[in-house]
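If you're matching them up, the sequences are chains A and B in order.
Under our numbering, the first residue of the first sequence is numbered 1, with each subsequent residue one higher.
Under our numbering, the first residue of the second sequence is numbered 1001, with each subsequent residue one higher.
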Amino acid sequence: MSFYVVGMSDEGTSKRPPQEELASPWRRETVARLALGGGIIFVGGWAYMALELARSAGPGSQAELHTGLDPSAIGRGVLTFPRLLLLRDGRGDVLALDRRCTHLGCLVSPSADGRLLRCPCHGSEFDRSGGVRRGPATRPLRRLRTSLDSRGELVVHVKG
Amino acid sequence: MSRAERAPLAGPLDARLRPMGLTLGQVAFGALVVAVSSGVVLGLAYDPAEPLRSTEAISGALPFGFLFRGAHILSAQLFFVSLLLHTADHVLGRSYRQVSRLSWWRLVLVGLGALGAMFSGFLLRGDADARAAQAIAAAGLKVVPMFGADISLGLLGEPGGGLQAPYVHHLVTFTLAPWLLSLAHARRAWAGALVTGAVAALTTGAALVYHPGPGLPSDLHRGVLWGPWYFMGAQELLRHLPLGVVVLVLGGGAVGLTGGLAHTGGASAGRRGRVEAAMRSAWLLAVGGYLLLCLASYLARSGK
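Listed below in structure tokens is the structure:
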């Protein structure tokens, strides 16, 4: 069944105002500004939420590392963990050092004889107490606090 | 003359390749198609939470994994090199005079996206080299005022943690965005069957011979870390200059010089003409010099 409206053809003879009249420059500008503002807020909101999500999904902020080691087991060598080194300094004290080079964050590794700690990225060198022997690093390796747990095993306080 | 009627822009290198039915842009596009196709297959077997183990499995244990990985790496390198040559060709041929500023800046974004795709792909190896590159890039991004730490976290994730962030950006952000931006530039969705097929055959054939290994975990590494070849010049500069200076000179210099060419007005004479000539020469010298620095750094580090 078809309906016809008397007086209207396909051409649309009714007095419909042209598009330009409906969308005056002022109105178009306002709509464009609102759209831009809304877009910026939307993108900013997305970026904020994405960062919050990324932060909370990052690696766990482990505060302590239970090494399971008796301190007397640490000899003259350097024990290498993914993010820290365990060794004895010149006075024979057990030392835990953050492996991240203070220059740009690459992981330092002990030299073959264990006397130096070297950064493989830009060649910084540190002595066994973490002090800078050669740049470009200018700050010593970060020392991490250590303690003993109830079984007398070494605990490294990674965050402290 | 409308844009559609305008003859395709050609630099001196393209002018030599065109009689063979090729352009550098087509080669780059063909290589991108192969890299994306092989990347989709690799993505099925890759776990960003266990990057090194994934890479080991793809390189050694999974059937044809080495082939797809080799083709992916080689086509990506071909993409990057041909894009660099394509850009140099158009700087030599002063094509930036014939496109709008907006179009030229859009192409600068394509270049940045391509660099992001290459670098994030390198990080996905998850070996000692990749972890070091991630730490250095994170430190570099943190130099950016105000939002540096957030940009670093959003793009690279936490150094030492999983590689979810670079994985997602490698797959989507740095692949899709340059592709979409290229659509407007090249006015075609891909390079054509012939070029794409030739690049696919070339890179897959080469992958039969070239088997890149998975690398070493960070805690086993004792040598010198290299990073990707295009990163080695920056590595060398970082040995001698503060990080902020290197980021400003390399990052700001590259984007500013390339994008700035579109603002020189395209005049051959007068003050603007001299500015254009100076910027063009500076671009060519800077890119050439940086590539030489990468080569010198490689030779110095490998003891050659």
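C-beta atoms are modelled at their ideal positions from N, C-alpha and C, and glycine is treated no differently.
message = With H, G and I counted as helix, E and B as strand and the rest as coil, what does DSSP make of H157/A?
response = The residue given as residue 157/A occupies position 157 in the first sequence. Note: H157/A maps to strand in three-state DSSP.
task = Helix, strand or coil for S14/A, going by three-state DSSP, please let me know.
result = As a first step, residue 14/A is located in the first sequence; it is residue number 14 there, counting from the start. Residue placement at S14/A cannot be trusted, given a pLDDT of 49 that sits under 50; the coordinates are not used to answer.
query = In the structure shown, what three-state DSSP assignment does C126/A receive?
reply = Here the question's residue 126/A lines up with position 126 in the first sequence. In the sequence as presented, Cys is not what sits at residue 126/A; that position holds Phe. Residue state, collapsed to three classes: strand.
Beta-carbon neighbours of D1089/B, restricted to chain A and to distances below 9 Å = For the purposes of this step, residue 1089/B is taken as the residue at position 89 of the second sequence. Neighbours of D1089/B on chain A: none; closest Cβ ~34 Å, over 9 Å.
inquiry  = Short of 7 Å in beta carbon distance, which residues of its chain neighbour G1121/B, apart from the five on each side in sequence? Order them along the chain.
reply    = Residue mapping note: residue 1121/B aligns to position 121 of the second sequence, counting from 1. Only A1076 and H1170 meet the Cβ criterion.
key: Partners in chain A for V1224/B, counting only beta-carbon separations shorter than 9 Å   = By one-based count along the second sequence, residue 1224/B stands at place 224. Result: P120, C121 and G123.
task = Flag this pair as yes or no: are the beta carbons of H1318/B and A1128/B separated by less than 7 Å?
result = A question about residue 1318/B goes unanswered here, because the residues of chain B that appear run from 1001 up to 1304.
inquiry  = Is there a C-beta anywhere in chain A that falls below 7 Å from the one on G1116/B?
reply    = Here residue 1116/B corresponds to residue number 116 of the second sequence, with the count starting at 1. Chain A contact via Cβ: absent.
query = Using DSSP with H/G/I as helix, E/B as strand and the rest coil, what is V132/A?
reply = Residue numbering aside, residue 132/A sits at position 132 when the first sequence is read from its first letter. V132/A falls in the strand class under three-state DSSP.
key: Proximal chain B residues relative to G105/A, where beta-carbon distance stays under 8 Å   = Your numbering for residue 105/A matches position 105 in the first sequence. Going along chain B in sequence order, the residues near G105/A (Cβ under 8 Å) are A1135, I1136, A1138, A1139 and P1159.
query = Per DSSP, what kind of secondary structure is D93/A in: helix, strand or coil?
reply = Against the first sequence, residue 93/A aligns to sequence position 93. In the structure shown, D93/A sits in coil (DSSP, three-state: anything other than H, G, I, E or B).
task = Starting from the C-beta of L69/A, find all residues in its chain whose C-beta is less than 8 Å away, skip the five residues before and the five after it, and write them out in chain order.
result = As a working mapping, residue 69/A is identified with position 69 in the first sequence. L79, L86, E153 and L154, listed in sequence order.
task = Determine, using beta carbons only, whether P140/A comes closer than 7 Å to chain B.
result = Numbered from its first residue, the first sequence carries residue 140/A at position 140. No, P140/A does not count as interfacial toward chain B.
Chain-ordered chain B contacts of R83/A [CB-CB under 8 Å] = By 1-based counting over the first sequence, the position of residue 83/A is 83. Those within 8 Å of R83/A in chain B are G1160.
T1196/B vs V1033/B beta-carbon contact at 7 Å = Numbered from its first residue, the second sequence carries residue 1196/B at position 196. Numbered from its first residue, the second sequence carries residue 1033/B at position 33. Yes, the pair counts as a contact, with Cβ atoms nearer than the cut-off.
request  = Provide the residue(s) that pair with H66/A in DSSP beta bridges, ordered along the chain.
outcome  = In the first sequence, residue 66/A corresponds to position 66, counting from 1. BP columns for H66/A point to V155/A.
ask   = Would you call Y1096/B buried or exposed, if buried means 16 or more other Cβ atoms sit within 10 Å of its Cβ?
value = Start at 1 with the first residue of the second sequence, and residue 1096/B comes out as number 96. Under this definition Y1096/B is a buried residue.
Whole-angstrom distance between L1024/B and G1215/B, CA atom to CA atom = Locating residue 1215/B in the second sequence gives position 215, where the first residue counts as 1. Locating residue 1024/B in the second sequence gives position 24, where the first residue counts as 1. The alpha-carbon atoms of G1215/B and L1024/B are separated by roughly 32 Å.
key: Residues within the stretch 1148-1181 of chain B neighbouring chain A, beta-carbon criterion of under 8 Å   = D1150, L1153, G1154, G1157, E1158, P1159, G1160, G1161, G1162, Q1164 and A1165
request  = Could you name the residues of the same chain whose beta carbon sits closer than 6 Å to that of L1078/B, not counting the 5 residues immediately before and after it, in chain order?
outcome  = Locating residue 1078/B in the second sequence gives position 78, counting from the first residue. Result list for L1078/B: A1031, in chain order.
task = With a floor of 4 residues, list each alpha helix (DSSP H) that falls wholly inside the stretch 1158-1216 of chain B, ordered by position along the chain.
result = 1164-1168, 1174-1186 and 1193-1209
Interface partners of A206/A on chain B, CB under 9 Å = Because chain A is modelled from 1 through 160, residue 206/A falls outside the range shown and cannot be assessed.
query = Cβ atoms of G114/A and G77/A: under 7 Å apart, would you say?
reply = As a first step, residue 77/A is located in the first sequence; it is residue number 77 there, counting from the start. As a first step, residue 114/A is located in the first sequence; it is residue number 114 there, counting from the start. Their beta carbons are under 7 Å apart, which means G77/A touches G114/A by this criterion.
query = By the criterion of Cβ-Cβ separation under 8 Å, what are the contact partners of S1132/B in chain A?
reply = Your numbering for residue 1132/B matches position 132 in the second sequence. For clarity, residue 1132/B is Ala in the given sequence; the question names Ser instead. Within chain A, the residues whose beta carbon sits less than 8 Å from that of A1132/B are C106, L107, P120 and C121, listed in sequence order.
message = Taking a contact to mean a Cβ-Cβ separation below 7 Å, would you say H161/A touches L1141/B in this structure?
response = Since the displayed chain A opens at 1 and closes at 160, residue 161/A lies outside it and no answer follows.
task = Taking all protein chains shown into account, decide if L1299/B is buried (16 or more other Cβ within 10 angstroms of its Cβ) or exposed.
result = Looking up residue 1299/B in the second sequence gives position 299. By the 10 Å Cβ count, L1299/B comes out exposed.
inquiry  = Within 7 Å of any Cβ in chain A, is that where the Cβ of L1194/B sits?
reply    = In the second sequence, residue 1194/B corresponds to position 194, counting from 1. Closer than 7 Å: no.
ask   = Mind checking if R1301/B is an interface residue toward chain A, Cβ cutoff 7 Å exclusive?
value = Translated into positions along the second sequence, residue 1301/B becomes position 301. No, R1301/B does not count as interfacial toward chain A.
query = Secondary structure at T1023/B, three-state DSSP: helix, strand or coil?
reply = Stepping through the second sequence from its first residue, residue 1023/B is reached at position 23. Coil, per DSSP.
ask   = Closest by CA to L1083/B, which one among L1013/B, V1249/B, M1279/B and G1160/B?
value = In the second sequence, the residue the question calls residue 1083/B occupies position 83. L1013/B is the residue among L1013/B, V1249/B, M1279/B and G1160/B whose C-alpha sits nearest the C-alpha of L1083/B.
inquiry  = Between which two residues does the beta strand (DSSP E) holding T1264/B run?
reply    = Here residue 1264/B is taken as the residue at index 264 of the second sequence, counted from 1. Per DSSP, T1264/B lies in no beta strand (DSSP E) and is assigned neither H nor E.
query = Do you know how far the Cα of V1099/B is from the Cα of L141/A?
reply = Residue numbering aside, residue 141/A sits at position 141 when the first sequence is read from its first letter. Residue numbering aside, residue 1099/B sits at position 99 when the second sequence is read from its first letter. Rounded to the nearest angstrom, the two C-alpha atoms are 52 Å apart.
Beta-carbon neighbours of P136/A, restricted to chain B and to distances below 8 Å = Translated into the one-based positions of the first sequence, residue 136/A becomes position 136. Simply L1238, R1239 and H1240.
request  = Name, please, each residue of chain A whose Cβ falls closer than 7 Å to the Cβ of L1243/B.
outcome  = Walking along the second sequence from the start, residue 1243/B turns up at place 243. What L1243/B touches in chain A: L104.
task = State the start and end residues of the unbroken alpha helix (DSSP H) segment that holds R1106/B.
result = If you number the second sequence from 1, residue 1106/B lands on position 106. R1101 to L1123 is the span of the alpha helix (DSSP H), which, as asked, contains R1106/B.
Cα-Cα separation, A1165/B to C1294/B = Stepping through the second sequence from its first residue, residue 1165/B is reached at position 165. Stepping through the second sequence from its first residue, residue 1294/B is reached at position 294. Taking the straight line from one Cα to the other gives about 27 Å.
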